[in-house]
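Notes follow the structure.
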Amino acid sequence: MYSAANWSDAVTGREGRIGVMKQVELRLALVFYGGVSLAIYMHGVSREVLNLVKASACHGAREAPDGTCADLAPSVRAYLDLFEAFEPEIKLRVVVDAIAGASAGGVNGIMLARAIAHDLPLESHRDLWLANADVTRLAKPQDGLTRYLKSGMSPVFDRMITSGLKSQIESVETREKLRLLTQSRWFTPPFSGSRFIGWMLDACAEMDKHWREGATLVPRGQTLDLFVTLTDYHGKRQRITLDDPAFIEEWEHRRILKFSCRHRTPGMIESALEPHYVPDLVFAARATSSFPGAFAPATIGEMDAVLEQRGEVWFNRAKFIRDTLGGEERDMMRRCFVDGSVVMNKPFAPVIEAIEERPAMREVVRRLVYVDPAPSAGSSGVLEGETVPGFFRVILASLAHIPRNEPVGDDLKAIEAKNRRARRLGELISAADPLVEAEVNRLLPPDDAEPPTVDELAACRAKANEVAHAQAGYAYLSYQTLKLQSLAERLAALIAALAHRAGVLLSEEVAVEAIRSRLREVNGATGSTKRSDTIIGFLRGLDVDYRIRRLRFVVRKLNGFYQVRAREAAAQNPDDLDALKSELYEQVDRLTQRWSGGFYASELCELAAAFARSPTTGTLGTVLDRLATAMDLGGLDRLHDDIFAVMTYNYLVPSLRQALTRAYVGFAFYDLVTLPVFQRNDFSEVNETLVDRISPNDATLLCDDGFALKGLALNMFGAFFNRSWREHDYLWGRLSAADRLVGIIQSSIGARRMPPEREQALRKKLFLAILEEERDYLTADPDLIAQVRALVEARFRPASAA
């Protein structure tokens with residue numbers, strides 16, 4: 067990242083190049099559903115996602131850390147061949163922005179996020195599922211006389227199994243393990259949470275044997291977010307304001323835990339997914355997969371006991387309880403957590419929110435991909451024979467089936483609403499362009515004159531703000547009111563966070579009202595279209611979001627340059643566009659940090675705590691003044707002017723430089739139009755987010771209509787009873803994911819698709835590479851690999867040989 071003092075030295079001497087290939091980023095957000103033993107299928111999917119991302123990093127080897135591209139697996143090399151097949155026209159990059167998971171999907175999401183964040187392998191997780199995800203390893207057999215008495219009932223259990231489950235359990239192994247399960251403790255959860263914790267810790271330790279400092283598959287300047295859903299059994303009381311009564315109190319049982327990895331600069335990675343945080347992640351995995359009735363609820367005490375028994379330390383325990391779980395230790399020690407699928411089996415909402423403002427360094431294509439192993443499982447809504455379900459069936463459906471199968475329509479409608487908003491935003495800006503450009507052209511030097519200096523640019527920007535606000539008339543009142551209200555809420559949340567760091571709780575509602583009272587005193591109770599110097603100073607010193615919107619708006623303008631085909635603009639080097647865009651996002655990141663409580667020194671925390679204890683105008687004024695000083699937005703404004711005066715001159719051809727400068731200087735005009743309509747900061751990427759699914763039903767190249775995962779048997783617990791079933795589902799998870807990921811890439815490239823025969827050859831190579839990698843590990847069914855290989859050869863047989 068550059069400072070104002072070294073811009074000129076950093077950018078002199080660059081030469082534009084003509085004819086470089088087009089660069090496209092495919093940005094993925096992943097959602098893993100719950101599904102009990104179908105977790106094994108999802109692990110196969112996560113293996114392929116990791117292989118694809120690894121191949122992408124190696125394809126852009128300039129940014130890959132040392133060691134990232136050594137000893138690549140055959141499947142990774144197959145994906146590399148796929149990327150190279152688009153060249154020389156397209157250089158494709160795949161980036162994972164966010165991962166969300168519930169229950170079994172949460173476990174896989176955690177391990178995949180760790181692997182991407184720190185370039186770690188997932189082979190140890192394969193062994194966890196294939197060896198340990200077995201009822202004989204998970205269950206605790208009953209000892210003593212009770213077990214002896216139950217063993218005498220084996221013939222009865224055998225008849226029940228045969229008559230009730232019929233063809234689902236033709237396997238002798240499965241039948242025997244069902245019989246063993248019936249000899250476990252009755253009326254207590256049969257599976258051991260402590261054992262599961264131990265296996266997860268072991269799997270993470272195996273991953274971390276491959277740890278390399280600074281290694282990551284997250285591109286520089288990007289963040290990978292992980293969301294894991296839990297169900298808080300006791301719930302958290304929340305107050306909702308009404309008219310009469312004044313408020314009500316309800317219980318919120320859903321908790322969404324967030325972990326992030328931020329790759330700031332080479333070698334500088336801020337990550338909650340590294341080895342230091344493994345106990346945090348393992349607790350999240352244990353809690354999200356605590357299927358009701360199968361596992362006892364997860365508790366902090368259980369985690370403490372396992373770590374103590376293993377002689378391991380939970381270094382981040384206090385911070386995890388306070389910041390991630392969101393409570394005090396005394397309270398959290400009494401709480402217990404059950405399966406995240408009970409309240410949120412399909413966690414679309416967190417990733418939708420996360421990707422809305424996620425930066426992209428190149429032309430971007432966005433996909434939200436959800437993994438649903440059983441899209442048509444179950445018989446809900448189908449009335450056959452008995453229309454009134456029995457006693458136990460109602461209980462099971464209410465506790466597990468219905469919550470897990472709630473539709474995702476609301477979330478998908480939210481994505482469509484975002485897409486519509488993006489289209490409307492683009493239309494609104496396009497309509498305003500001619501009027502704004504005419505106004506800004508009166509302020510900037512003519513296009514054939516020397517580019518403005520830093521001071522001239524700053525003066526033009528300030529004058530444009532004045533003119534825009536003066537011309538707005540009465541519309542400025544609503545615009546300013548909206549900005550002040552929004553800023554009051556942001557500042558209240560920040561001050562509350564600072565007070566919390568000092569150990570004092572502060573209600574955001576109290577802080578908001580105090581800030582609004584202060585603004586009313588300054589601006590007058592009735593408001594005015596005349597801008598007071600005090601209000602102007604307040605906004606200049608504290609309005610971080612205005613600066614963020616301005617830079618994101620400029621990025622939006624810059625994105626359009628990738629598509630420009632004018633003769634002069636054709637000489638523009640896309641690498642220079644990438645470099646400028648990356649620096650703009652560095653500045654957005656700097657601004658965003660101003661809303662984080664961790665950005666500020668402890669002195670400010672104490673001042674916020676003093677305001678929390680005595681919320682007076684005087685204490686509030688002191689906090690706001692110190693915040694404005696610490697934010698130093700005036701200094702950042704000067705740095706941004708420097709960037710536009712110097713970097714655009716060296717990086718952009720004249721026509722594009724002039725267009726970008728007009729957008730930067732004239733942003734105040736656009737903000738007056740767009741902020742009251744959209745009330746958001748999402749100018750950065752006006753792109754639609756399309757939705758794709760990975761499931762056996764969608765991988766049509768190899769899976770016929772009658773194909774079914776083995777884990778669907780026994781109410782989705784089937785794979786826990788048979789190793790060959792686990793191996794089957796895991797392999798098909800990899801194969802169906804490979805099929806779908808290639809299809810998603812092809813659809814993202816659009817009109818620039820490769821020839822069909824080339825695509826088929828690459829798919830076949832990828833499928834055979836997966837089979838070769840797994841041949842020595844999947845041995846429970848000696849015919850599995852051979853049968854699938856024969857299927858691949860048959861499906862991809864040349865037409866002349868058919």
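Counting the sequence shown from 1 gives a position; our numbering is that position plus 66.
Glycine included, each C-beta is placed from N, C-alpha and C at the ideal position.
Bear in mind that the values here come from a model prediction, so they are computed numbers and not experimental data.
For residue i, the three-state DSSP class (helix, strand or coil)
i, result
"Y666", "coil"
"E336", "strand"
"I84", "Because the pLDDT of I84 is 34, which lies under 50, any placement of that residue in the model is unreliable, and the number read from its coordinates should be weighed accordingly. Note: I84 maps to coil in three-state DSSP."
"S326", "strand"
"H794", "helix"
"K302", "strand"
"G392", "coil"
"R213", "Here the model assigns R213 a pLDDT of 46, short of 50, so the residue's position is not dependable, and the following value carries that caveat. R213: helix per DSSP, three-state reduction."
"H319", "strand"
"L296", "strand"
"F403", "strand"
"Q375", "helix"
"P221", "Residue placement at P221 is flagged as unreliable, the pLDDT there being 46, under the threshold of 50; a coordinate-derived value is accordingly withheld."
"E55", "The shown model of the chain, from 67 to 868, leaves out residue 55, and the question about it has no answer."
"T354", "helix"
"Y545", "helix"
"R93", "strand"
"Y436", "strand"
"L510", "coil"
Test item: CB-CB of residue i and residue j under 9 Å
i, j, result
"F361", "F257", "yes"
"T615", "D737", "Per the sequence shown, residue 615 should be read as Arg rather than Thr. Cβ distance < 9 Å, so R615 and D737 count as in contact."
"I561", "F677", "yes"
"Q826", "V719", "no"
"D611", "L650", "no"
"E336", "R328", "yes"
"S355", "G172", "yes"
"A364", "A530", "no"
"T714", "R728", "no"
"R567", "G700", "no"
"L778", "A440", "yes"
"R180", "C124", "no"
"D193", "E272", "yes"
"R692", "V430", "no"
"L283", "A183", "yes"
"S326", "L296", "no"
"L434", "V757", "yes"
"W380", "D346", "yes"
Nearest candidate by alpha-carbon position, reference residue i, set the options
i, options, result
"L775", "H794, R789, R759, D764", "H794"
"V348", "E368, R321, H329, G663", "E368"
"P187", "A164, V119, A168", "V119"
"I418", "L828, F149, A480, G359", "A480"
"L557", "G539, T365, A580, N117", "A580"
"T845", "I811, A645, W791, P822", "W791"
"A166", "L323, V576, R143, A536", "L323"
"K647", "R286, E493, A856", "R286"
"L686", "V739, P311, L564, A420", "L564"
"P416", "L96, L797, R759, A835", "L96"
"E532", "E516, A515, L509", "L509"
"L767", "A860, A645, S583, A483", "A860"
"D200", "N625, L673, S813, A785", "A785"
Buried or exposed (CB count within 10 angstroms, at least 16 for buried), residue i
i, result
"M334", "exposed"
"Q35", "Nothing about residue 35 can be read from this structure; the chain reaches only from 67 to 868."
"Q288", "buried"
"K275", "exposed"
"I602", "exposed"
"A496", "The sequence given here places Ser at residue 496; Ala does not occur at that position. Exposed: under 16 other Cβ atoms inside 10 Å."
"G107", "Looking at the sequence provided, one finds Tyr at residue 107 rather than Gly. Label assigned to Y107: buried."
"T755", "buried"
"M226", "The predicted position of M226 is uncertain, since its pLDDT is 42 and thus under 50; a value taken from the coordinates is nonetheless stated next. M226 should be labelled exposed."
"E91", "buried"
"R841", "exposed"
Proximity test, residue i beta-carbon vs the ligand NAP heavy atom, cut-off 8 Å
i, result
"M108", "The ligand content of the structure shown is nil, which means the ligand NAP is not present either."
(message) Ignoring anything shorter than 3 residues, give me the beta strand (DSSP E) runs that lie fully in the segment 134–182, in order along the chain.
(response) 156–168
(message) In chain order, what are the residue ranges of uninterrupted beta strand (DSSP E) at least 3 long that sit wholly in the segment 692–772?
(response) 755–760
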